[in-house]
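For reference, the structure discussed in these notes is given below.
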Amino acid sequence: MNNQQHIANINKKITLFSILDFPAVLALGIGLFSKYGSQGKELHPLLNDSTVANSLIVVGAAVMLFCAVNVIRLHRAKSRLTG
1 MNNQQHIANI NKKITLFSIL DFPAVLALGI GLFSKYGSQG KELHPLLNDS
51 TVANSLIVVG AAVMLFCAVN VIRLHRAKSR LTG
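In the working numbering, the protein residues as written are 1 to 83.
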């Protein structure tokens, strides 16, 4: 495999992690909204439970962190290949 193929493969992985990051951002946002900003007007009755809101926040933040670490790692590998 030459450098261009490696770079194309890295770009595909970066795109994949960006797509995986989107639901995590939504989960974190909905969790924060239901915990701090809803003032009794929930988007869904299930969000009245603080355990659900906390779970959304924790899972969303964990997946976002996982995706961010991998994207940073891939960008570093890409910069090594491009010089």
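Using N, Cα and C, we set each Cβ at its ideal position, and we do this for glycine too.
C-alpha gap between residue i and residue j, whole angstroms
| i | j | result |
| --- | --- | --- |
| Leu46 | Ala68 | 29 Å |
| Ser79 | Phe22 | 24 Å |
| Thr82 | Phe66 | 25 Å |
| Asn3 | Asn70 | 20 Å |
C-beta atoms of residue i and residue j nearer than 8 Å
| i | j | result |
| --- | --- | --- |
| Leu74 | Ile19 | no |
| Met64 | Val25 | yes |
| Ile72 | Leu56 | no |
| Gly60 | Leu28 | yes |
| Leu43 | Ser34 | yes |
7 Å Cβ shell around residue i - same chain, five flanking residues per side excluded
| i | result |
| --- | --- |
| Ala77 | Ile10 |
| Lys41 | none |
Neighbourhood of residue i by C-beta, 8 Å cutoff - its chain only, sequence neighbours within 5 removed
| i | result |
| --- | --- |
| Ile7 | Lys78, Leu81, Thr82 |
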